[in-house]
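Counting in this note's numbering, the sequence shown runs from 1 upward without gaps.
Every residue gets a Cβ at the ideal spot worked out from N, C-alpha and C, and that includes glycine.
Keep in mind it's a predicted model, so treat the numbers as computed, not measured.
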Amino acid sequence: MAAATFNLVNPLSEENAKRKVIEPDQTDYSPGEEEISRATLIWRAIKLPMYTVALIPLSVGTAAAYLETGQYSMERYFINLGSFVLVNVWVNLSNDVYDFDTGADVNKKESVVNLVGSRTAVHVLAWVLLALGFIGLVWVAHEARSPRSILLLACAIFSGYIYQCPPFRLSYSGVGEPLCFAAFGPFSTIAFYLLQSRTSELPITCIVVWTSILVGFTSSLILFCSHFHQINDDKAVGKISPLVRLGTETGSKVVKMAVLGLYWLVFGLGLVETLPYACLIFCIMTLPVANSVVSFVQENHKDKTKIFMAKYYCVRLHTIFGVALAAGMVVARMYATKQLPQALSNF
Numbered sequence: 001m002a003a004a005t006f007n008l009v010n011p012l013s014e015e016n017a018k019r020k021v022i023e024p025d026q027t028d029y030s031p032g033e034e035e036i037s038r039a040t041l042i043w044r045a046i047k048l049p050m051y052t053v054a055l056i057p058l059s060v061g062t063a064a065a066y067l068e069t070g071q072y073s074m075e076r077y078f079i080n081l082g083s084f085v086l087v088n089v090w091v092n093l094s095n096d097v098y099d100f101d102t103g104a105d106v107n108k109k110e111s112v113v114n115l116v117g118s119r120t121a122v123h124v125l126a127w128v129l130l131a132l133g134f135i136g137l138v139w140v141a142h143e144a145r146s147p148r149s150i151l152l153l154a155c156a157i158f159s160g161y162i163y164q165c166p167p168f169r170l171s172y173s174g175v176g177e178p179l180c181f182a183a184f185g186p187f188s189t190i191a192f193y194l195l196q197s198r199t200s201e202l203p204i205t206c207i208v209v210w211t212s213i214l215v216g217f218t219s220s221l222i223l224f225c226s227h228f229h230q231i232n233d234d235k236a237v238g239k240i241s242p243l244v245r246l247g248t249e250t251g252s253k254v255v256k257m258a259v260l261g262l263y264w265l266v267f268g269l270g271l272v273e274t275l276p277y278a279c280l281i282f283c284i285m286t287l288p289v290a291n292s293v294v295s296f297v298q299e300n301h302k303d304k305t306k307i308f309m310a311k312y313y314c315v316r317l318h319t320i321f322g323v324a325l326a327a328g329m330v331v332a333r334m335y336a337t338k339q340l341p342q343a344l345s346n347f
C-alpha cells in the first residue's frame with residue numbers, strides 16, 4: 001500500500017519541480033501557515049461551507065414558487081439539492097485540476113490535486129460527478145415538464161465550464177465574478193423555481209428575477225473575496241483576477257460598496273413592493289453579518305494569513321441573507337390575506 005501511495009505522489013512532485021515555483025517571500029502563506037495540519041488542509045479542500053452556493057439558489061427558487069403558487073415538492077427539493085451539490089463538486093475539483101495545470105495552485109496546500117497526488121484521478125472523478133448531477137436535474141425537469149429549467153441549468157454549468165476549463169479559462173481574464181453571478185443567480189435560481197411546477201410551467205415574474213439577482217450578487221462576492229490571499233500566485237501565472245488589477249486596498253473598498261449596494265437594492269425593492277415586506281424586514285436583520293464582512297476585510301486585507309477567512313465571512317452572509325429572502329417569501333405567502341402589521345402582531 002505504501003508503494004502504491006508513493007507512485008501516485010512522486011509523478012506529481014516531478015511535475016511540480018518543472019513548474020515556475022514562486023519564491024518563498026512571494027508566497028501567499030506566512031511562516032505560521034507552513035505548519036497547518038493535514039486535517040485542516042483536508043477540511044479546506046472539502047470546502048463544505050462553499051456548498052451554500054448550491055443550497056441558497058435552490059431554497060430561494062423553491063420559496064419563490066411557493067409564494068406564487070402555494071405549492072412545493074420536498075422530494076424535488078432534495079433531489080435537486082443532491083444533484084446540484086454534485087455539480088458544484090465538479091466545479092471545485094476541475095478548478096483545482098486546471099489551476100494545477102497552469103501552476104496557479106503550486107503553493108496552494110489545500111488543493112485537492114496536491115493532497116491526493118493524482119491529477120488524473122481528480123479529473124475523472126470531477127466529470128463522473130458532473131454526469132451524475134446532471135442526470136438528477138434532467139430527471140426532475142422531466143417530472144416537472146419544464147424544458148426551460150434544464151436549458152437554464154445547462155447555461156449555469158456552461159458558465160462554470162468557460163470559467164475554468166480550457167480553451168476558455170475566462171477566470172484568467174478576470175471575468176469570473178460575472179460568470180458566477182449568472183450561474184448561481186438568474187440561471188440557477190430561476191431554474192429551481194421552474195422545477196417546482198406541477199401541471200404547466202410557471203411564469204417568470206419580477207420577484208423571481210430580482211431575488212435571483214440578489215442571490216447572484218452575494219454568490220459573486222464570495223468569489224471576489226477568495227482572491228485576496230492568492231494575489232501573488234495569480235500574478236505569477238498570468239491570472240488577472242479583479243484583485244490583481246485593483247490591489248487589496250481598493251478591493252476592500254469594493255467589498256464595502258458592494259455590501260452597501262446590496263442593502264440599498266433590497267430597501268428599494270421593498271419600498272416599491274417588488275419584494276414582500278417580510279423579505280425586507282428579514283434581510284435588514286442580516287445587517288450585522290454584512291457589517292462583519294466589511295469590517296473584517298478592511299482590517300485584514302493586508303494580512304495574507306487572516307484574509308484567507310474573508311471568503312468564509314462572505315459565505316456566512318450569502319447563507320443568512322439567502323435564508324432571510326426565502327423565509328420572507330414563505331411568510332408572505334402564509335400571511336398573504338393579512339396586512340403586515342396584523343401578521344407581525346400574531347408572532
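| Check | Outcome |
| --- | --- |
| How about the stretch 204-216 and the stretch 159-171: do they share at least three Cβ pairs that are nearer than 8 Å? | no |
| Taking contact to mean at least 3 C-beta pairs separated by less than 8 Å, is the stretch 189-203 in contact with the stretch 226-237? | no |
| Taking a contact to mean a Cβ-Cβ separation below 8 Å, would you say F282 touches G322 in this structure? | no |
| In chain order, what residues of the same chain have a beta carbon less than 7 Å from the beta carbon of I360, not counting five sequence neighbours either side? | Because the chain here runs from 1 to 347, residue 360 falls outside it and cannot be looked at. |
| From what residue to what residue does the alpha helix (DSSP H) around H229 run? | Note, H229: premise wrong, no alpha helix (DSSP H); not H, not E. |
| Quick check: what's the CA-CA separation for S171 versus A121? | 23 Å |
| Using 8 Å as the threshold, is the C-beta distance between G136 and W90 below it? | no |
| Terminal residues of the continuous alpha helix (DSSP H) containing Y312? | A310 to M334 |
| Could you have a look at Q196 and say whether DSSP puts it in helix, strand or coil? | coil |
| Verify whether the separation of the beta carbon atoms of C314 and I222 is less than 8 Å. | yes |
| For I56, name the three-state secondary structure that DSSP assigns. | helix |
| At which residue ranges does the stretch 105-136 contain complete alpha helix (DSSP H) runs of 4 or more residues, listed in the order of the chain? | 112-116 |
| Quick check: the Cα distance between C279 and A324, rounded to an integer number of angstroms? | 7 Å |
| Could you pull the start and end residues of the alpha helix (DSSP H) that S83 belongs to? | M74 to T102 |
| Helix, strand or coil for C283? Go by DSSP, reduced to three states. | helix |
| Quick one: Cα of V21 to Cα of A126, how far? | Here the model assigns V21 a pLDDT of 41, short of 50, so the residue's position is not dependable and the matter cannot be decided. |
| Just the Cα atoms here: how many angstroms apart are P24 and K47? | Since pLDDT at P24 reaches only 36, below the 50 mark, its modelled position is unreliable, and no value is offered. |
| Tell me the start and end of each unbroken alpha helix (DSSP H) in the stretch 148-215 that is at least 4 residues and wholly inside, in chain order. | 176-182 and 188-194 |
| Closest to A332 by C-alpha separation, out of G270, K306, V294 and V113, would be which residue? | G270 |
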